[in-house]
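The structure appears right after this line, and notes come after that.
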Ligand SMILES: Nc1ncnc2c1ncn2[C@@H]1O[C@H](COP(=O)(O)OP(=O)(O)OP(=O)(O)O)[C@@H](O)[C@H]1O
Ligand SMILES: [Mg+2]
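Protein chains in written order, with the numbering used here: chain A, 112 to 415; chain B, 456 to 693.
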């Protein structure tokens, strides 16, 4: 393979990885934007999404098969279930803490994260579960670069979800209310907006997007594991900060940038793929030093 | 026969231990302009915040168009047509002027109604129409006040609470805003106006109340209050 082929292949890998990061980062950034909470349980919702998708797929596969029909159906069911789980977490764990000092709710989020990951660990005995699909290995060959149709479909689905979200946020009244609440909650109340309802909706959408990414990751990697949410939670957080936390466009951009940087980073001599996490968190630290507000973030800086 | 649109009875409001409203009662009749005057910290903003539901009254009752609203949440009160333009305008900076206005019509379901109201607001404040696609943060203080008022007129507004609309504005701007208030009132909107600028407010109003440390100490027809130099001196610091 020529250097160009390698770079193109990494471009494809980076886009796939980046779209997972972006989907998870969106939920992070939406929740942060609206109630200024770093929802550390968000990566675990991605993990739950993967497992619930896995469960639904085994339920519907008899009827719809393990190809796209079955996968799409179980992905939608997983998005709804995890969306509701996110709402439940918001209502039970976060809502009572909103008036408490910021640190308390942050610790609550850590606790929720542990409850979810340990709960799934107990239920699965900490085993890997094979996410078996029936998608084949055909794909597009361009010179020495090969991309499977599955990979293309994953990137396209992620892009569709993001475009839909973008449309919702910018064009619908509830989307505009979401952005306005991030600016001034009391003013929103005076517009007749039921702020709690919109916060609930935000948790639903953010969690559902994480679940979609979880199911996609199950399809892509072929297995799911209770610990899979931990690293991606941190990565999505990194992506959200790279883009500028609180910014929707920033989360999309940050996810893609991080995915591409990681993919290309593995090609730098002496930085093999085992260094890729060091590489991405190194980028986070550098960014925090030189541009703490992120690529598209506002100038407001707050201490946690 | 005049109709009482807003009735406040023995309302008390606290901020923690601070007793900000110490049992105030007053009423506003439909079609009137009523002004609430008082020095800094008298409790004017707290009164408006308690009416619109941002703060909860600890005692007393508030009713709007005959319906008790004391324990209703702000979004329910807004959907009844009671709209509060808060102190400091609180426009959504980072969103366009048009989006700010659209948010004002959040409770409207009808798209054509929304368009009709937006046209009305653009007619009242042509500068908002010119800049509708721009970030609201780029407006001057006076223009921000226009946007805040325009936003409040984007729904079926029956009673408008205005908290110091003239604050920080140049004198000719103050006149412009007062003219708009008069016109809105002529169009059928009842107005409860909080002001530090007592002269300008009394010129416009039908009736006035003066608040001091959470209590109403003077009330009367605006014309009377205006003439009574001692009141203006004692309570309004002029
Ligand atoms: N968020 C708050 N927390 C604690 N105390 C408050 C708060 N807001 C107002 N107060 C107190 O309540 C009292 C009434 O305040 P309010 O803002 O209603 O006065 P105001 O008449 O609107 O004054 P101004 O003319 O300065 O706007 C004051 O003593 C003020 O210090
Ligand atoms: Mg005030």
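All C-beta atoms in this analysis are idealised placements derived from N, C-alpha and C, irrespective of residue type, glycine included. Quantities reported herein were computed from a predicted structural model and do not represent experimental measurements.
Using a cut-off of 8 Å between C-beta atoms, extract the partners of residue i located in chain A.
i, result
"residue 548 of chain B", "294"
"residue 541 of chain B", "297, 298, 301"
"residue 509 of chain B", "297, 300, 301"
"residue 561 of chain B", "284, 288, 302, 303, 304"
What's the call for residue i, buried or exposed, on a 16-neighbour Cβ count within 10 Å?
i, result
"residue 470 of chain B", "exposed"
"residue 593 of chain B", "exposed"
"residue 599 of chain B", "buried"
"residue 499 of chain B", "buried"
"residue 121 of chain A", "buried"
"residue 253 of chain A", "exposed"
"residue 304 of chain A", "buried"
"residue 588 of chain B", "exposed"
"residue 188 of chain A", "buried"
"residue 380 of chain A", "exposed"
"residue 156 of chain A", "buried"
"residue 554 of chain B", "buried"
"residue 677 of chain B", "buried"
"residue 224 of chain A", "buried"
"residue 663 of chain B", "buried"
"residue 574 of chain B", "exposed"
"residue 392 of chain A", "exposed"
"residue 242 of chain A", "buried"
"residue 412 of chain A", "Caution applies to residue 412 of chain A, whose pLDDT of 45 falls short of 50 and renders its modelled position unreliable; the value that the coordinates give is listed next. With fewer than 16 Cβ atoms within 10 Å of its Cβ, residue 412 of chain A is classed as exposed."
"residue 203 of chain A", "exposed"
"residue 342 of chain A", "exposed"
Quick one: what's got a C-beta closer than 7 Å to residue i's C-beta in the same chain, skipping five residues either side?
i, result
"residue 612 of chain B", "536, 538, 644"
"residue 128 of chain A", "370, 373, 374"
"residue 285 of chain A", "309, 312"
"residue 176 of chain A", "245"
"residue 541 of chain B", "618"
So which residues on chain A does residue i lean against when the C-beta distance must stay under 9 Å?
i, result
"residue 610 of chain B", "302, 303"
"residue 533 of chain B", "300, 301, 302, 303, 304"
"residue 557 of chain B", "284, 287"
"residue 467 of chain B", "Here the premise fails: no neighbours, minimum Cβ distance about 21 Å."
Suppose the cutoff is 8 Å on Cβ atoms and the five residues either side in sequence are ignored; what does the same chain contact list for residue i look like?
i, result
"residue 686 of chain B", "665, 673, 680"
"residue 240 of chain A", "162, 165, 334, 335, 336"
"residue 193 of chain A", "156, 159, 160, 163, 318, 319, 321, 322, 325"
"residue 358 of chain A", "140, 144, 405, 407, 408, 409"
"residue 456 of chain B", "Legend: pLDDT at residue 456 of chain B = 46, less than 50; position of this residue unreliable, no value from coordinates given."
At 9 Å on the CB atoms, spell out the chain B contacts of residue i, in chain order.
i, result
"residue 360 of chain A", "Simply none; closest approach about 13 Å."
Mind listing the chain B neighbours of residue i? Cutoff is C-beta to C-beta under 7 Å, in chain order.
i, result
"residue 291 of chain A", "547, 550, 558"
Quick one: list the residues of chain A neighbouring residue i, beta-carbon separation under 7 Å, in chain order.
i, result
"residue 568 of chain B", "Ordered by position in chain A, no residue passes the 7 Å Cβ test against residue 568 of chain B, which lies about 13 Å from the chain."
"residue 598 of chain B", "Simply none; closest approach about 17 Å."
"residue 554 of chain B", "287"
Apart from the five residues just before and just after residue i, which ones in its own chain have a Cβ nearer than 6 Å to its Cβ?
i, result
"residue 400 of chain A", "none"
"residue 360 of chain A", "407"
"residue 415 of chain A", "Residue placement at residue 415 of chain A is poorly supported in this model, since its pLDDT is 41, which falls under 50; the coordinates still yield a value, given next. Result list for residue 415 of chain A: empty, nothing under 6 Å."
"residue 620 of chain B", "600, 632"
"residue 476 of chain B", "466, 467, 468, 498, 501, 669"
"residue 402 of chain A", "none"
"residue 228 of chain A", "155, 337"
"residue 200 of chain A", "223"
"residue 238 of chain A", "none"
Report whether the distance from the Cβ of residue i to the nearest heavy atom of ligand 4 is below 7 Å.
i, result
"residue 618 of chain B", "Summarising the ligand content, the structure contains ligand 1 and ligand 2 and does not contain ligand 4."
Check each residue of the stretch 516-533 of chain B: if its Cβ is closer than 7 Å to any Cβ of chain A, include it; give the result in chain order. 529, 530, 533
If you measure from each residue's Cβ to the nearest non-hydrogen atom of ligand 1, which ones come out under 6 Å, in chain order? B:470, B:473, B:475, B:493, B:495, B:496, B:497, B:498, B:499, B:500, B:501, B:542, B:651
Listed in chain order, which residues of the stretch 212-239 of chain A have Cβ atoms closer than 7 Å to some Cβ of chain B? none
For the stretch 613-641 of chain B, which residues have a beta carbon sitting closer than 8 Å to at least one beta carbon of chain A? none
Which residues, in chain order, does the stretch 575-605 of chain B contribute to contact with chain A at a C-beta distance below 8 Å? none
Could you please tell me which residues of the stretch 659-674 of chain B, in chain order, have their CB closer than 7 Å to any CB of chain A? none
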